[in-house]
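Some notes on the structure that comes next.
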Amino acid sequence: MIQTLDIITINIWSILISLANLVLLFFILKRFLYKPMKKVLEERRSAVDKQYEDADKAKLSAEENKVAWEKKLETAQTEANAIITTAEQKAQNRSDVILIQANEKAESIIKRAESDAELERKKAENDIKKEIAEVSAALAEKMLEREINIDDHRTLIENFINEVGDDNG
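Here the sequence shown is numbered in the numbering used here, starting from 661 and rising by one per residue.
Given below as structure tokens:
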């Protein structure tokens with residue numbers, strides 16, 4: 661005995677209607693869902709691409725600005741070094757001038773002191789000669805009791821002192 665199952669049957673009309681519904685649903689979804697979704701995705705992609713492009717432009721601009729600022733910084737550093745070098749040279753020149761002036765002034769003071777000392781020495785030497793002459797004259801006068809006059813005696817003593825001063829000089 662063979663029994664047949666009525667539950668599993670193939671109904672062609674039902675399959676065709678299901679296929680027609682599937683195709684109709686596919687076209688409806690494509691028309692109302694896929695195309696707008698594709699359009700939204702395309703707009704989104706364009707926006708993202710534009711943002712990347714803007715970011716690349718900003719990065720390029722930032723790099724150009726960085727290079728420009730580095731050049732300006734390098735130029736400023738060079739100028740600062742030049743200013744420092746110039747200031748150092750001016751300070752050295754001023755120092756040299758001050759040292760030269762100080763040396764000249766010191767030499768002038770030393771020469772003046774030497775000339776003053778020489779004048780004082782000559783003055784003291786002359787004073788000592790006069791005193792020796794006067795003392796010798798007084799002694800000789802007392803010893804000789806006026807046999808030689810004072811002027812002759814003074815002349816003799818001065819000649820003797822000059823000869824002794826020239827020998828020591």
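Ideal Cβ positions, reconstructed from N, Cα and C, are used throughout, including at glycine.
Keep in mind that this is a model prediction, so the values were computed, not measured.
message: Would I821 and K789 qualify as a contact pair, given that the criterion is a beta-carbon distance under 8 Å?
response: yes
field: DSSP-derived helix/strand/coil call for T745
entry: helix
task: Could you tell me the distance, in whole angstroms, from the CA atom of A715 to the CA atom of V708?
output: 10 Å
- prompt: Are there 16 or more other CB atoms within 10 angstroms of the CB of I675, so buried, or fewer, so exposed?
  reply: exposed
- request: Whole angstroms is fine: what's the gap from K699's alpha carbon to E734's?
  value: 52 Å
message: Using 8 Å for Cβ pairs, my map puts R814 next to A793. What's the rounded Cβ distance?
response: That belief holds up - the Cβ atoms of R814 and A793 are roughly 5 Å apart, short of 8 Å.
message: Here's the rule: buried if 16 or more other CB atoms are within 10 angstroms of the residue's CB, otherwise exposed. What is I817?
response: buried
- request: With DSSP as the reference, label I670 as helix, strand or coil.
  value: Here I670 sits in coil by DSSP.
field: DSSP state of N819 mapped onto helix, strand, coil
entry: Of the three classes helix, strand and coil, the one that applies to N819 here is helix, per DSSP.
- request: Enumerate, from N- to C-terminal direction, the unbroken alpha helix (DSSP H) stretches of 4 or more residues contained entirely within the segment 682-733.
  value: none
message: I need the straight-line Cα distance from E724 to E702, nearest angstrom please.
response: 33 Å
field: C-alpha gap between S768 and Q749, whole angstroms
entry: C-alpha separation (whole angstroms): 28 Å.
message: Whole angstroms are fine: how far does the CA of E823 sit from the CA of R754?
response: So the two alpha carbons sit approximately 54 Å from each other.
query: Which of the three DSSP states, helix, strand or coil, is assigned to N786?
result: helix
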